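Our numbering puts the first residue of the sequence shown at 4, with every later residue one more than the last.
Here a beta-carbon is modelled for each residue, glycine too, at the ideal position from N, C-alpha and C.
Small disclaimer: the values here were computed from a predicted structure and weren't measured.
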Amino acid sequence: MLAYIIRRLLLIVPTLFGIMVINFVIVQGAPGGPVDQMVAKIKGTAVDPTSRFTGAGEGETAGAGNASARGAGDTSGVASKYRGSRGLDPELIKQIEKMYGFDKPPLERFVKMISDYATFEFGDSFFRDRKVIDLVIDKMPVSISLGLWTTLLVYMISIPLGIAKAIRDGTKFDIWTSSAVIIGYSIPGFLFAILLVIVFAGGSFLDWFPLRGLTSPNWESMSWFDRTLDYLWHITLPVIALVIGAFAGLTMLTKNSFLDQINMQYVTTARAKGLTQNKVLYGHVFRNAMLIVIAGFPSAFIGILFTGALLVEVIFSLDGLGLLGFEAVVGRDYPVMFGTLFFFTLLGLLMNLIGDVMYHVIDPRIDFEGRSV
């Protein structure tokens with residue numbers, strides 16, 4: 004198993020490199036880069052709420068831009084390169100390019116980015132005046148908290164429900180609970196989040212739950228018991244939205260896994276020996292049936308963190324990695340974009356490896372040593 008783990012760890016390097024190359028190439032062709040964002044900001048045609056150029060600094064930058072615009076010369080070349088740059092001094096555009104590192108060719112920028120990432124140096128945000136690694140560390144607890152609660156609740160609901168459906172396969176219980184599974188399949192988590200906001204968060208009906216953040220403004224002054232209640236009060240709707248969108252697949256996986264094992268010969272033999280139903284199910288079937296479900300916990304956590312949590316964080320204004328990445332994409336904050344992409348990809352690859360190790364831990368008969376990666 005050790006050799007397999009080493010091979011998988013080594014494979015992470017080219018995998019990460021390939022993902023970063025593909026996304027870097029795609030981003031180069033996307034319109035509205037950071038230089039365009041700053042040009043629009045100087046000309047007063049765009050406002051970025053995450054910009055570091057606020058207050059006096061923004062006024063000075065805008066003033067410099069307006070002064071340069073008044074003294075602009077031939078800007079046809081600049082205008083053709085950046086949207087909305089007509090009327091600005093070419094020297095100002097060059098200064099902006101140098102500030103964001105766009106005075107260098109794409110290949111040189113990519114090589115520098117990869118060399119920095121190899122030492123976990125992610126640079127500074129273009130518009131937040133903070134290091135990317137500090138932003139990721141600050142936002143990480145919110146996303147991990149959301150992902151862990153959701154994954155735990157999904158397992159607590161899906162495993163008992165899947166087992167009950169397998170035992171009662173074809174009965175009225177199985178048929179009626181299938182309607183809940185169909186709802187979970189058909190309604191994306193973010194749509195259910197919008198419905199929860201409308202109904203329970205002051206949208207159109209009730210105002211029982213807060214709409215923004217994971218804690219109240221006075222959270223620091225609360226007792227530990229009140230802090231716990233406040234935290235649970237804030238996280239209830241986001242977690243419900245994510246659970247609804249994730250429990251259906253795991254429920255059906257559990258049911259089908261149990262049904263496959265129930266039809267095995269060893270189950271028939273155990274029943275022929277006079278073992279009780281519970282002894283057969285939980286003494287023999289459970290371990291084999293739950294192998295794929297329990298070992299898949301790391302992958303399920305990453306799946307929830309990657310897919311559903313992003314939009315749910317945006318809807319409920321949760322200051323996590325999903326919202327950070329969304330704002331970085333909208334604001335073309337490239338260091339934050341690539342930094343969060345690198346983090347999510349690395350975490351996903353490591354969690355997939357942990358999932359494989361879990362298979363071996365739960366059932367030592369599963370051995371990856373003789374298999375290719």
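Check                                                                                                                                                                               : Outcome
Excluding sequence positions up to five away, which residues of its chain have a Cβ less than 8 Å from the Cβ of residue 238?                                                       : 148, 149, 152, 217
Just list the residues that DSSP pairs residue 303 with in beta bridges.                                                                                                            : Per DSSP, none; premise fails for residue 303.
Counting only the same chain and skipping the five closest in sequence on each side, list residues whose C-beta sits under 8 Å from that of residue 22.                             : 344, 348
Taking contact to mean 3 or more Cβ pairs, one atom from each stretch, closer than 8 Å, check whether the stretch 265-272 and the stretch 281-297 are in contact.                   : yes
With C-beta atoms as the reference, is residue 353 less than 8 Å away from residue 307?                                                                                             : no
Is residue 361 helix, strand or coil when you go by DSSP?                                                                                                                           : helix
Which whole-angstrom value describes the C-beta separation of residue 340 and residue 333, a residue pair presumed to lie in contact below a C-beta threshold of 8 Å?               : Residue 340 to residue 333, Cβ: 10 Å. No contact.
So, with DSSP's three-state summary, where would you put residue 132?                                                                                                               : coil
Quick one: grab the DSSP three-state call for residue 204.                                                                                                                          : strand
I need the straight-line Cα distance from residue 269 to residue 301, nearest angstrom please.                                                                                      : 30 Å
How would you label residue 260, buried or exposed, when you count the other beta carbons within 10 angstroms and need 16 or more for buried?                                       : buried
Using 8 Å as the threshold, is the C-beta distance between residue 336 and residue 128 below it?                                                                                    : yes
Classify residue 127 as helix, strand or coil using the three-state DSSP reduction.                                                                                                 : strand
How close, in whole Å, do the beta carbons of residue 169 and residue 258 come, if the pair is a contact with beta carbons under 8 Å?                                               : 5 Å
Which of the three DSSP states, helix, strand or coil, is assigned to residue 336?                                                                                                  : coil
Leaving aside the five residues before and after residue 211 along the sequence, list all residues of the same chain whose C-beta is less than 7 Å from its C-beta, in chain order. : 203
What is the rounded straight-line gap between the Cα of residue 36 and the Cα of residue 7?                                                                                         : 42 Å
From residue 14 to residue 232, what distance separates their C-alpha atoms?                                                                                                        : 44 Å
Considering only DSSP beta bridges, list what residue 210 is partnered with.                                                                                                        : 204
With residue 94 as the anchor, note down where its alpha helix (DSSP H) starts and where it stops.                                                                                  : 93-103
Please report how far the alpha carbon of residue 350 lies from the alpha carbon of residue 250, in whole angstroms.                                                                : 22 Å
Quick one: is the Cβ of residue 161 within less than 7 Å of any heavy atom of the ligand MN?                                                                                        : Looking at this structure, you won't find the ligand MN or any other ligand, since it has none at all.
Judging by CA-CA distance, which residue of 133, 154, 27, 156 is the nearest neighbour of residue 108?                                                                              : 27
With a 10 Å radius around its C-beta and 16 neighbouring C-beta atoms as the bar for buried, classify residue 125 as buried or exposed.                                             : buried
Between the Cα of residue 195 and those of 243, 227, 158, spot the shortest distance and give me the residue it belongs to.                                                         : 243
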